[in-house]
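Peer 1: Let me give you the structure first, and then I'll get to my questions.
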Amino acid sequence: ASGSDENDVVVIGGGPGGYVAAIKAAQLGLKTTCIEKRGTLGGTCLNVGCIPSKALLHSSHMYHEAKHAFANHGVKFSSVEVDLPAMMAQKDKAVSNLTKGIEGLFKKNKVNYVKGYGKLVSPSEVSVDTTEGGNTVVKGKHIIIATGSDVKSLPGITIDEKKVVSSTGALALTEIPKRLIVIGAGYIGLEMGSVWGRLGSEITVVEFASEIVPTMDAEVRKQFQRSLEKQGMKFKLKTKVVGVDTSGDGVKLTLEPAAGGDQTTLEADVVLVSAGRTPFTAELGLDKIGVETDKIGRILVNERFATNVSGVYAIGDVIPGPMLAHKAEEDGVACVEYIAGKVGHVDYDKVPGVVYTMPEVASVGKTEEQVKELGVEYRVGKFPFLANSRAKAIDNAEGLVKILAEKETDKILGVHIMAPNAGELIHEAAIALQYDASSEDIARVCHAHPTMSEAVKEAAMATYDKPIHI
Ligand code: FAD
């Protein structure tokens, strides 16, 4: 059905960028086809990213709490065990429910779904090797590339998804490794390290840079690293991996200080390589139609998501910008709005970032380091959860809220939260930033008591004046 009749929009890739663009396009009355090679919709995020990782983070947290925290609340068990296959089954069920849900949304919105590998053969034609084994050409006035990203390996390291795994393998281990080494202290490595650490693995994180999660506000990062260390995570910073030997029972890594020096070895049962992700454009035909990319393979677009080839657009992880699902979704909506003759908008300075460890760390806007670099005079307001009544009531009072505001105008520049549910708390700050609010604006909003959100209000009070509870 898709082959002969022309679409208004053809989307290559059914991840958060692609499927959202396809649904939005259909909602705007455009005839739309989405091509996906994976066999299921939802892309990296739903299949091997955001969703399965959050499922395992939650399950492993429940186990950890049952073992270490429930007794403090007067809830006692005679024994607590991990049933790993059951834990994995719950994760798989969440993934399959959600990916099927998107198929349902495609039907509801009349998005045509073609299963197969798409290749651009002209600026208005995509040749698809279908999953069933045939080939069809899908035509469209506008083609959106939303092919996302793939795991980045490191030179000299072969990922076998058994002993040396990517995040995909780390989401599907069949045994709890006694020792797990994580290469790369970005959010994915720390989240997966947390999962297995809570289930009993000894975790060592090896990182080339001198700090973990480099995009994080330095003061928050310091507290965050201390918290992870308290949970048993070990860090080897400023260290590079120079050799990986999988010939024995486990894996033996050879390490060297980043600046050079004596080599050491470190052994583990499983090694997770989480050294970043790389745009995925293999066999897409970009060369054939002349789509421009940068040095690291990202597709270059203008503010309307148009590539240098007329009628061809790109969104999500395959273009520059933060590699996050919600950013890909925003790109998708804005791109399609432009195509439909409307005005789209994505403000990349206000994309929230969340690390879903325990505690979570969430931020929006600028870090203190970035504010300093801007050269503006600023004020900082902080409030620790130790002084928040709800956090005390639930016996989980680690972390803080930190707000940065311009000194002269009190306009909020950045907000950073470390707390159990920071990923939910951050959106009050995201709205404030979007509306150019001042810290006083937040402070004068009545916040329900007792909530963790009151810490945001108190940090706002601390920014332009004084907090009450500390
Ligand atoms: P993708 O999701 O990668 O989707 C691209 C799709 O295109 C894929 O399904 C692929 O099969 C398909 N495709 C590629 N080429 C072709 C072709 N030629 N023909 C047909 N189909 C093709 N982000 C967050 O915001 N929050 C999180 O908590 C989070 N956790 C993560 C955890 C892990 C372990 C990982 C790996 C990632 C995580 N991410 C998270 C990042 C998030 O998954 C990505 O930013 C997001 O999926 C990008 O969306 P996308 O649509 O651009 O690309």
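Counting in UniProt numbering, the sequence shown runs from 31 upward without gaps. In this text, a Cβ means the ideal position worked out from N, Cα and C, and glycines have one as well. All values derive from a computational prediction rather than experimental measurement.
#1: Only counting the same chain, and skipping five residues up and downstream in sequence, which positions put a Cβ closer than 6 Å to that of Asp-379?
#2: Is the beta carbon of Lys-137 less than 8 Å from the beta carbon of Ser-154?
#3: To the nearest angstrom, how far is the alpha carbon of Glu-275 from that of Gly-219?
#4: Please give the ranges of any beta strand (DSSP E) in the segment 157-183, keeping only runs that are unbroken, at least 3 residues long and fully inside the region.
#5: Bridge partners for Lys-130 per DSSP, in chain order?
#6: Taking only heavy atoms of the ligand FAD into account, decide whether any of them is closer than 7 Å to the Cβ of Leu-430.
#7: State yes or no: is the C-beta of Phe-335 nearer than 7 Å to some heavy atom of the ligand FAD?
#8: What is the DSSP secondary structure of Met-92, reduced to helix, strand or coil?
#9: Can you list, in chain order, the residues of its chain whose CB lies under 6 Å from that of Ile-319, leaving out five sequence neighbours each side?
#10: Rounded to whole angstroms, what's the CA-CA distance from Ile-369 to Val-410? Just pull it up for me.
#11: Going straight from the alpha carbon of Gly-395 to that of Ile-326, what length do you get?
#12: Can you find a heavy atom of the ligand FAD that lies under 7 Å from the Cβ of Arg-328?
#13: Does the beta-carbon of Met-388, which I'm using as the reference point, lie nearer than 7 Å to any heavy atom of the ligand FAD?
#14: Taking the runs of the alpha helix (DSSP H) that are 4 residues or longer, which of them lie wholly in the segment 431-477?
#15: From Gly-346, Gly-341, Leu-283, pick the residue whose C-alpha is nearest to that of Asn-37; which is it?
#16: By how many angstroms is the C-alpha of Pro-352 removed from the C-alpha of Ala-489?
#17: Straight-line CA distance for Thr-269 to Ala-289?
#18: Put Arg-409 into one of helix, strand or coil per three-state DSSP.
#19: Between which residues of its own chain and His-375 is the CB-CB distance below 7 Å, once the five residues before and five after are set aside?
#20: Which value, in whole angstroms, describes the spacing of the CA atoms of residue 582 and Leu-58?
#21: If we call anything under 8 Å between Cβ atoms a contact, is Val-78 one with Thr-198?
#22: Which runs of the beta strand (DSSP E) at least 3 residues long sit entirely within the segment 182-257? Give them in chain order.
#23: Does the distance between the C-beta of Glu-133 and the nearest non-hydrogen atom of the ligand FAD fall short of 7 Å?
#24: Within the segment 340-385, note down every full beta strand (DSSP E) run reaching 3 residues or more, in order along the chain.
#25: Taking Lys-145 and Gly-69 to be in contact with their CB atoms under 8 Å, please state how far apart those CB atoms are, rounded to whole angstroms.
#26: Taking 7 Å as the line, does the beta carbon of Ile-179 fall inside it for any heavy atom of the ligand FAD?
#27: Cutting at 6 Å between CB atoms, please list the residues of its own chain near Ser-34, excluding the five before and the five after it.
#28: Is the beta carbon of Ala-99 sitting closer than 8 Å to the one on Val-110?
#29: Residues in its own chain within less than 8 Å of Ala-31 by CB, not counting five upstream and five downstream?
#30: Taking Asp-466 as the reference, which of Leu-443, Lys-487, His-457 has the closest Cα?
#31: Under the rule that 16 or more other beta-carbon atoms within 10 Å means buried, what is Arg-307, buried or exposed?
#32: Can you tell me whether Thr-160 sits near the ligand FAD, meaning its C-beta is under 7 Å from at least one heavy atom of the ligand?
#33: Assign Asp-292 to buried or exposed, taking buried as 16 or more other Cβ atoms, counted over all protein chains shown, within 10 Å of its Cβ.
#34: Counting C-beta neighbours from all protein chains within 10 Å, is the total for Pro-450 16 or more, i.e. buried, or is it exposed?
#35: For Leu-76, which residues of its own chain have a beta-carbon under 7 Å away from its beta-carbon, when the five flanking residues on both sides are left out?
#36: Rounded to whole angstroms, what is the Cα-Cα separation between Pro-414 and Lys-208?
Peer 2: Walking through what the data contain:
#1: Numbered from 1 along the sequence shown, position 349 holds the residue referred to as residue 379. Closer than 6 Å at Cβ, skipping near neighbours: no residue.
#2: To locate residue 137, count along the sequence shown from 1; it is residue 107. To locate residue 154, count along the sequence shown from 1; it is residue 124. Cβ atoms of Lys-137 and Ser-154: not closer than 8 Å.
#3: As a position in the sequence shown, residue 275 is number 245, starting the count at 1. As a position in the sequence shown, residue 219 is number 189, starting the count at 1. The question names Glu, but residue 275 in the sequence shown is Asp. Rounded to the nearest angstrom, the two C-alpha atoms are 21 Å apart.
#4: Annotation note: the segment 157-183 contains the following uninterrupted beta strand (DSSP E) runs of length 3 or greater, listed N- to C-terminal: 165-175, 179-181.
#5: Translated into positions along the sequence shown, residue 130 becomes position 100. Paired residue(s): none; Lys-130 is not in a bridge.
#6: Position 400 of the sequence shown holds residue 430. It does not: the Cβ of Leu-430 is nowhere closer than 7 Å to a heavy atom of the ligand FAD.
#7: Taking the sequence shown and counting its residues from 1, the one referred to as residue 335 is at position 305. No.
#8: Taking the sequence shown and counting its residues from 1, one reaches residue 92 at position 62. In this structure, Met-92 counts as helix in the three-state DSSP scheme.
#9: Sequence index remark: in the sequence shown, residue 319 carries index 289 (1-based). Cβ within range, chain order: Leu-150, Pro-153, Val-339.
#10: Residue 369 sits at position 339 when you count from the first residue of the sequence shown. Residue 410 sits at position 380 when you count from the first residue of the sequence shown. Going by the C-alpha atoms only, they are around 42 Å apart.
#11: As a position in the sequence shown, residue 395 is number 365, starting the count at 1. As a position in the sequence shown, residue 326 is number 296, starting the count at 1. Gly-395 and Ile-326 have their C-alpha atoms roughly 26 Å apart.
#12: Your numbering for residue 328 matches position 298 in the sequence shown. It does not: the Cβ of Arg-328 is nowhere closer than 7 Å to a heavy atom of the ligand FAD.
#13: Taking the sequence shown and counting its residues from 1, one reaches residue 388 at position 358. Residue side-chain check: Met-388 keeps its Cβ at 7 Å or more from all non-hydrogen atoms of the ligand FAD.
#14: Complete alpha helix (DSSP H) runs here, min 4: 452-464, 469-473.
#15: By 1-based counting over the sequence shown, the position of residue 37 is 7. Comparing Cα-Cα distances from Asn-37 to each of Gly-346, Gly-341, Leu-283, the minimum goes to Gly-341.
#16: Along the sequence shown, read from residue 1 onward, the residue named residue 489 stands at position 459. Along the sequence shown, read from residue 1 onward, the residue named residue 352 stands at position 322. Roughly 27 Å between the two C-alpha positions.
#17: As a position in the sequence shown, residue 269 is number 239, starting the count at 1. As a position in the sequence shown, residue 289 is number 259, starting the count at 1. Using only the alpha carbons, I get a separation of about 8 Å.
#18: Start at 1 with the first residue of the sequence shown, and residue 409 comes out as number 379. Three-state DSSP puts Arg-409 in a strand.
#19: Within the sequence shown, numbered from 1, the residue matching residue 375 stands at position 345. Ala-364.
#20: Only positions 31 to 500 of the chain appear in this structure, which leaves residue 582 out of reach.
#21: By one-based count along the sequence shown, residue 78 stands at place 48. By one-based count along the sequence shown, residue 198 stands at place 168. Against a cut-off of 8 Å, the Cβ pair of Thr-198 and Val-78 comes out as a contact.
#22: Qualifying beta strand (DSSP E) stretches, in chain order: 209-213, 232-236.
#23: Within the sequence shown, numbered from 1, the residue matching residue 133 stands at position 103. No - the ligand FAD has no heavy atom lying nearer than 7 Å to the Cβ of Glu-133.
#24: The beta strand (DSSP E) runs lying completely inside the segment 340-385 and spanning 3 residues or more are 342-344, 383-385, given in chain order.
#25: What you label residue 145 is simply residue 115 of the sequence shown in a count that begins at 1. What you label residue 69 is simply residue 39 of the sequence shown in a count that begins at 1. Under the criterion of beta carbons closer than 8 Å, Lys-145 and Gly-69 qualify as touching, at roughly 6 Å.
#26: The count along the sequence shown starts at 1 and reaches residue 179 at position 149. In the sequence on display, residue 179 carries Ser and not Ile. True, at least one ligand heavy atom lies under 7 Å from that Cβ.
#27: Stepping through the sequence shown from its first residue, residue 34 is reached at position 4. Because the pLDDT of Ser-34 is 48, which lies under 50, any placement of that residue in the model is unreliable, and the question is left without a value.
#28: Here the question's residue 99 lines up with position 69 in the sequence shown. Here the question's residue 110 lines up with position 80 in the sequence shown. No; because the gap between Cβ atoms is not below 8 Å, this pair is not in contact.
#29: If you number the sequence shown from 1, residue 31 lands on position 1. Note that Ala-31 has pLDDT 44, beneath the 50 cutoff, so the model's placement of it is unreliable and the number below is only indicative. Exclusion of the five residues before and after Ala-31 leaves Asn-142 as the residues of its chain whose Cβ lies within less than 8 Å of its Cβ.
#30: Here residue 466 is taken as the residue at index 436 of the sequence shown, counted from 1. Between Asp-466 and the set Leu-443, Lys-487, His-457, the nearest pair of CA atoms involves Leu-443.
#31: As a position in the sequence shown, residue 307 is number 277, starting the count at 1. With 16 or more other CB atoms across the displayed protein chains lying within 10 angstroms of its CB, Arg-307 is buried.
#32: Counting from one through the sequence shown, the residue named residue 160 turns up at place 130. Not so, every heavy atom of the ligand FAD lies at least 7 Å from the Cβ.
#33: As a position in the sequence shown, residue 292 is number 262, starting the count at 1. Asp-292 comes out exposed.
#34: Taking the sequence shown and counting its residues from 1, the one referred to as residue 450 is at position 420. Taking all protein chains in view, the Cβ of Pro-450 is crowded by 16 or more other Cβ atoms within 10 Å, so the residue is classified as buried.
#35: What you label residue 76 is simply residue 46 of the sequence shown in a count that begins at 1. The beta carbon of Leu-76 lies closer than 7 Å to those of Val-125, Leu-128, Thr-129 in the same chain, with the five residues before and after it left out.
#36: The sequence position of residue 414 within the sequence shown is 384, counting from 1. The sequence position of residue 208 within the sequence shown is 178, counting from 1. Separation of Pro-414 and Lys-208 (C-alpha to C-alpha, rounded to the nearest whole angstrom) is 35 Å.
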